[in-house]
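A.B. asks: In order, the protein sequences belong to chains R and Y. Quick note: the first sequence, position 91, residue 85 per this note's numbering, numbers continuous. Offset between the second sequence (1-based) and this note's numbering: plus 17. Don't be surprised by glycine CBs; every beta carbon is placed ideally from N, CA and C.
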Amino acid sequence: MGTNVSLEDKFQAYVDAENRVEPKDWMPEKYRKTLIRQISQHAHSEIIGMQPEANWITRAPSLRAKLILLAKVQDEAGHGLYLYSAAETLGEPREKMIADLQSGKAKYSSIFNYPTPSWADMGTIGWLVDGAAIQNQVMLTRTSYGPYARAMVKICKEESFHQRQGYEVVMKLAQGTPEQKAMAQESLNRWWWPSLMMFGPSDDNSPNSEQSMKWKIKRKSNDTLRQEFVDKTVPQAEYLGLTIPDADLKWNEERGHYDFGEINWAEFYEVIKGNGPCNKERIAHHVKAHEEGAWVREAANAYAKKQADRASNDASAA
Amino acid sequence: MSESNWKLWEVFLRSKNGLSHKHVGSLHAADAEMAIKNARDVYTRRSEGISIWVVPSEEITASSPDEKDPLFTPSDDKVYRHPTFYDIPDDVEHM
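#1: Tell me which same chain residues have a C-beta within less than 6 angstroms of the C-beta of Lys210(R), skipping the five on either side of it?
#2: So that I know if they touch, is there some Cβ in chain Y lying closer than 9 angstroms to that of Ile376(R)?
#3: Taking 9 angstroms as the CB-CB limit, is Lys95(Y) close to chain R?
#4: Bridge partners for Trp70(Y) per DSSP, in chain order?
#5: By the 10 Å Cβ neighbour count, where 16 or more other Cβ atoms means buried, how is Thr90(Y) classified, buried or exposed?
#6: With DSSP run on the structure shown, which of helix, strand or coil describes Asp253(R)?
#7: Taking C-beta pairs closer than 9 angstroms, name the residues in chain R that Ser32(Y) reaches, listed in chain order.
#8: In three-state terms, what does DSSP make of Gly43(R)?
#9: How should Ala305(R) be labelled, buried or exposed, when 16 other C-beta atoms within 10 angstroms of its C-beta is the threshold for buried?
#10: For chain Y, check one thing: does any of its Cβ atoms lie closer than 9 angstroms to the Cβ of Met192(R)?
#11: Three-state secondary structure (DSSP) at Asn246(R)?
#12: Is there contact between the stretch 35 to 43 of chain R and the stretch 71 to 80 of chain R, where contact requires at least three CB pairs shorter than 8 angstroms?
#13: Give me the DSSP bridge partner(s) of His40(Y).
#14: I want to verify the contact list: residues of chain Y whose CB lies under 7 angstroms from the CB of Pro328(R), in sequence order.
#15: Looking at the secondary structure, which residues open and close the alpha helix (DSSP H) in which Phe89(Y) lies?
#16: My understanding is that Thr227(R) touches Leu122(R), with C-beta atoms under 8 angstroms, so please give their C-beta distance in whole angstroms.
#17: What whole-angstrom Cβ distance do Gly235(R) and Ala176(R) have, given they're in contact under 8 angstroms?
#18: Quick one: which chain R residues come within Cβ less than 7 angstroms of Arg98(Y)?
#19: If you count every other CB in all the chains shown that lies within 10 Å of the CB of Met18(Y), and 16 or more means buried, which is it?
#20: In the structure shown, what three-state DSSP assignment does Lys24(Y) receive?
#21: Under 7 angstroms Cβ-Cβ, which residues of chain R neighbour Ser37(Y)?
#22: Can you give the Cα-Cα distance for Arg26(R) and Ser206(R), rounded to whole angstroms?
#23: Name the chain Y residues that come within less than 7 angstroms of Lys226(R), Cβ to Cβ?
#24: Find the residues of chain Y that neighbour Arg14(R), judging by a C-beta separation of less than 9 angstroms, and give them in chain order.
#25: So is Ile277(R) in contact with chain Y if we call contact Cβ pairs under 9 angstroms?
#26: Assign Asn307(R) to buried or exposed, taking buried as 16 or more other Cβ atoms, counted over all protein chains shown, within 10 Å of its Cβ.
#27: Once DSSP output is grouped into helix, strand and coil, what is the label at His45(Y)?
#28: Please report the residue range of the alpha helix (DSSP H) in which Leu63(R) lies.
#29: Under three-state DSSP, which class holds Tyr103(Y)?
#30: Sorted by chain position, which residues of the same chain lie with C-beta nearer than 6 angstroms to Pro239(R)'s C-beta, five sequence neighbours on each side aside?
#31: Runs of 4 residues minimum, wholly inside the stretch 161 to 202 of chain R: which ones carry the alpha helix (DSSP H) assignment?
#32: Can you give me the C-alpha to C-alpha distance between Pro22(R) and Val15(R), rounded to a whole angstrom?
#33: Report yes or no: do the stretch 123 to 133 of chain R and the stretch 146 to 163 of chain R share at least 3 C-beta pairs separated by less than 8 angstroms?
#34: From the DSSP output, which residues share a beta bridge with Val15(R)?
#35: Residues in the same chain with beta-carbon distance under 7 angstroms from Gln35(R), minus the five sequence neighbours each way, listed in chain order, please.
The structure is reproduced here in structure tokens:
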């Protein structure tokens, strides 16, 4: 053997040198599989994530708020589509990804299995949920797989609107009447912990993380991203005069970071397993929308066929 | 097929991994393989690319210039799609 370098080693050296991997390049099968899993989960999260917010479109408190919410939900659909097409460059058919989502084989972010009973949740989601997503996605603009990185660049630009509109909603409530401020606080109380769970299991319990970091699919660990998010978000809550629902939260001078309490991991794993407050509702709605749209897809196919038949008839007549 | 009947092909180059293929121009060729070879000779003489895509020009469907207004002006008045539409105080960082 001696000087023989395996394809895997070459690939690792290529990635280590900060080169991007493109669809037709050789890649380890596990790299491909990991990316398909991660990108399709990410796409599913964008698509399922439309539901908790769409819940408030018809009840938005002003026309301005309604236009903004519509634009945001429309963006989420777009983000889902960018990501599905990035996953398709790895050879995974779109229909299979959708089938895996609907059968429960594929996961999506656990955060979207929580309900949105209050208008304040529209603000909190933009501020915290999109804020946490941005934390993760900014890292992913430098992921080693080219099509995924490019999709992330586009998504990150658009997410900035999402977070700012959310913070604006919360700010208006926090600076409003005592009842409005209480609404904002109540919403923060419900969303804080699930937002921290968005970064995934702690580093000790995240078996795939090490390999993903080695391949530079991820560049920061779950706990590192979570800490960065907490450090950025605490002052934003303080500005609003809202209280983060964590008695253990305090600035640690020595570490230069906020210390925070233990996440309820039992709840996290229950929601992942399908036992969150809205898991069944979310998938049932996706299936229903997909089935109710069947006639539109059939009509489009029938129209395309008719046009093609006409064109070929015209060609043979001429 | 005479040379004058050769199809027109649009050429896209990726200058390096990590960047998208970008349209650089077109050329005539009898088939896809020749189009790649010609694109290599015509468009990458100075290391402009590391990957070439060629697409028959006739396969490209373009939006009509006449439809420019109905297609693209509706987004002009949706200023709320931009982050700068929202007033976030300067004291609030990382937003």
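C.D. replies: The short version:
#1: Take Lys210(R), set aside five residues on each side of it, and the residues of its chain with a beta-carbon closer than 6 angstroms to its own are Val9, Ser138, in chain order.
#2: The question about residue 376(R) has no answer, for chain R in this structure spans -5 to 312.
#3: Interface residue, yes.
#4: According to DSSP, which records beta bridges pairwise, Trp70(Y) is partnered with Phe29(Y).
#5: The residue in question, Thr90(Y), is exposed, as its Cβ has fewer than 16 Cβ neighbours within 10 Å.
#6: In the structure shown, the three-state DSSP call for Asp253(R) is strand.
#7: Those within 9 angstroms of Ser32(Y) in chain R number zero; the least Cβ separation is about 12 angstroms.
#8: Gly43(R): coil per DSSP, three-state reduction.
#9: With fewer than 16 neighbouring CB atoms inside 10 Å of its own CB, Ala305(R) falls in the exposed class.
#10: Cβ-Cβ to chain Y under 9 angstroms: no for Met192(R).
#11: Reduced to three states, the DSSP call for Asn246(R) is strand.
#12: Counting Cβ pairs under 8 angstroms, three or more are found: they touch.
#13: Phe29(Y), per the DSSP bridge assignment.
#14: Residue 328(R) cannot be examined here, being either before or after the span of chain R that is shown, -5 to 312.
#15: First-last of the alpha helix (DSSP H) with Phe89(Y): 85 to 89.
#16: Between Leu122(R) and Thr227(R) the Cβ distance is about 7 angstroms, and since that is below 8 angstroms, they are a contact.
#17: The C-beta distance from Gly235(R) to Ala176(R) rounds to 12 angstroms, too long to meet the 8 angstroms contact threshold.
#18: Think of a sphere of 7 angstroms around the beta carbon of Arg98(Y): the chain R residues whose beta carbon falls inside it are Ala65, Phe155, in chain order.
#19: No answer about Met18(Y) holds up, because its pLDDT of 49 lies below 50 and its placement is not dependable.
#20: In the three-state reduction of the DSSP assignment, Lys24(Y) falls in the strand class.
#21: Against chain R, a Cβ distance below 7 angstroms from Ser37(Y) picks out Arg144.
#22: If I take the Cα positions, the gap works out to 11 angstroms.
#23: In chain order: His111.
#24: Here the neighbours are Lys33, Asn34, Gly35, Leu36.
#25: Not one chain Y Cβ lies under 9 angstroms of Ile277(R).
#26: When all chains shown are included, Asn307(R) counts as exposed.
#27: Judged by DSSP in its simplified three-state form, His45(Y) adopts strand.
#28: First-last of the alpha helix (DSSP H) with Leu63(R): 57 to 82.
#29: Coil at Tyr103(Y), not helix or strand.
#30: Cβ neighbours of Pro239(R) beyond the five flanking positions: Asn183, Trp186.
#31: With a minimum length of 4 residues, the unbroken runs of alpha helix (DSSP H) contained wholly in the stretch 161 to 202 of chain R fall at 172 to 191.
#32: Cα to Cα, the separation comes out at about 11 angstroms.
#33: At 8 angstroms Cβ cutoff, the stretches touch.
#34: BP columns for Val15(R) point to Tyr139(R).
#35: The answer, listed in chain order, is Ala100, Lys101, Tyr102.
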